[in-house]
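Chains as they are written, first to last, in this note's numbering: chain F, 240 to 348; chain D, -4 to 109.
Cβ coordinates follow ideal geometry from the N, Cα and C atoms, glycine included.
Accompanying notes for the structure given below.
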Amino acid sequence: GQSLEQPSEVTAVEGAIVQINCTYQTSGFYGLSWYQQHDGGAPTFLSYNALDGLEETGRFSSFLSRSDSYGYLLLQELQMKDSASYFCAVGSGANNLFFGTGTRLTVIP
Amino acid sequence: NAGVTQTPKFQVLKTGQSMTLQCAQDMNHEYMSWYRQDPGMGLRLIHYSVGAGITDQGEVPNGYNVSRSTTEDFPLRLLSAAPSQTSVYFCAIREASGGNSPLHFGNGTRLTVT
């Protein structure tokens, strides 16, 4: 089976940097993904890591360490619009994604 | 969300009623899936399909049926609704290659069972 752990809530100041951690257990690893979801909206894809290291996409970066079963999402130059829930997800067989319970990020002025 | 259309957006059912949640896509993706989202539980996979005529169970399949007669459509059926099925339901699709292929989600159906 799969299990993922991430903090339930994080608060950060506008303009700052925030890191959201995710640890996982899975039988058969097919990459770690991150999704963003605003209140009342649908999840949207942010990033994907199949190999160890850092992937950067604009203000967002994602890191993976397969040996530690650990990854994180790094958000830089925080903006108010970044207030949302962030989900890590691990890939499993048959292209399925299993999601963590989500981290609610609140950006304050 | 472009490419994935879910209907209805909202639905209220009484216990024991049946209904079908519709999901249609115009991206010609082989993989389609249904998730439910409950507060504090994240997104949980109900059923999925890797192509027309092929379906399989996810984490929480009980109480739900699916079929995939065409590439475009993947309806989710509740045969006898229960209050425990009150949730937000998302249909999601991706290219069959998986891996770094992202999931595209519909806008969701908010279901209340009384």
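Cβ neighbour criterion (16 or more within 10 Å) applied to residue i
{"i": "F302(F)", "result": "buried"}
{"i": "G53(D)", "result": "buried"}
{"i": "A323(F)", "result": "buried"}
{"i": "P3(D)", "result": "exposed"}
{"i": "S266(F)", "result": "exposed"}
{"i": "G310(F)", "result": "buried"}
{"i": "P282(F)", "result": "buried"}
{"i": "I259(F)", "result": "buried"}
{"i": "F69(D)", "result": "buried"}
Bounding residues of the beta strand (DSSP E) (the contiguous stretch that carries residue i)
{"i": "L74(D)", "result": "Here L74(D) belongs to no beta strand (DSSP E), and DSSP marks it neither H nor E."}
{"i": "R343(F)", "result": "342 to 347"}
{"i": "Q276(F)", "result": "271 to 276"}
{"i": "D123(D)", "result": "As shown, chain D starts at -4 and ends at 109. That puts residue 123(D) outside it, with no answer to give."}
{"i": "E244(F)", "result": "241 to 244"}
{"i": "A251(F)", "result": "248 to 252"}
{"i": "F337(F)", "result": "336 to 338"}
{"i": "F302(F)", "result": "299 to 304"}
{"i": "Q80(D)", "result": "Premise fails: Q80(D) is in no beta strand (DSSP E) and is neither H nor E."}
Residue j beta carbon less than 9 Å from that of residue i
{"i": "Y43(D)", "j": "S28(D)", "result": "yes"}
{"i": "Q241(F)", "j": "F337(F)", "result": "yes"}
{"i": "L106(D)", "j": "S13(D)", "result": "no"}
{"i": "A251(F)", "j": "V346(F)", "result": "yes"}
{"i": "S308(F)", "j": "T262(F)", "result": "yes"}
{"i": "V7(D)", "j": "T104(D)", "result": "no"}
{"i": "Q20(D)", "j": "E67(D)", "result": "yes"}
{"i": "Q315(F)", "j": "I256(F)", "result": "yes"}
{"i": "S272(F)", "j": "P97(D)", "result": "yes"}
{"i": "N57(D)", "j": "R72(D)", "result": "no"}
{"i": "A77(D)", "j": "T10(D)", "result": "yes"}
{"i": "S82(D)", "j": "Q32(D)", "result": "yes"}
{"i": "V45(D)", "j": "N334(F)", "result": "yes"}
{"i": "L40(D)", "j": "Y26(D)", "result": "no"}
Assigned secondary structure, residue i (DSSP; H/G/I helix, E/B strand, else coil)
{"i": "N260(F)", "result": "strand"}
{"i": "Q315(F)", "result": "coil"}
{"i": "N57(D)", "result": "coil"}
{"i": "N102(D)", "result": "coil"}
{"i": "D321(F)", "result": "helix"}
{"i": "Q12(D)", "result": "coil"}
{"i": "R63(D)", "result": "coil"}
{"i": "E295(F)", "result": "strand"}
{"i": "M27(D)", "result": "strand"}
So if I threshold CB-CB distances at 8 Å, which residues from the stretch 272 to 294 of chain F count as touching chain D? Residues passing the 8 Å Cβ filter: S272, Y274, G280, A281, P282, T283, F284, Y287, A289.
Below 7 Å between beta carbons is the criterion; list the residues of the stretch 55 to 66 of chain D that meet it against any residue of chain F, in chain order. Contacts with chain F (Cβ-Cβ distance below 7 Å) from the stretch 55 to 66 of chain D involve no residue at all.
Using a Cβ-Cβ cut-off of less than 8 Å, give me the residues of the stretch 31 to 42 of chain D that come near chain F, in sequence order. Cβ contacts with chain F: G35, M36, G37, L38, R39, L40.
Against chain D, which members of the stretch 332 to 343 of chain F pass a CB distance test of less than 8 Å? Taking 8 Å as the cut-off between beta carbons, the residues of the stretch 332 to 343 of chain F near chain D are A333, N334, N335, L336, F337, F338, G339, T340, G341, in sequence order.
Select from the stretch 306 to 326 of chain F all residues with a C-beta closer than 7 Å to any C-beta belonging to chain D, and list them in chain order. F326
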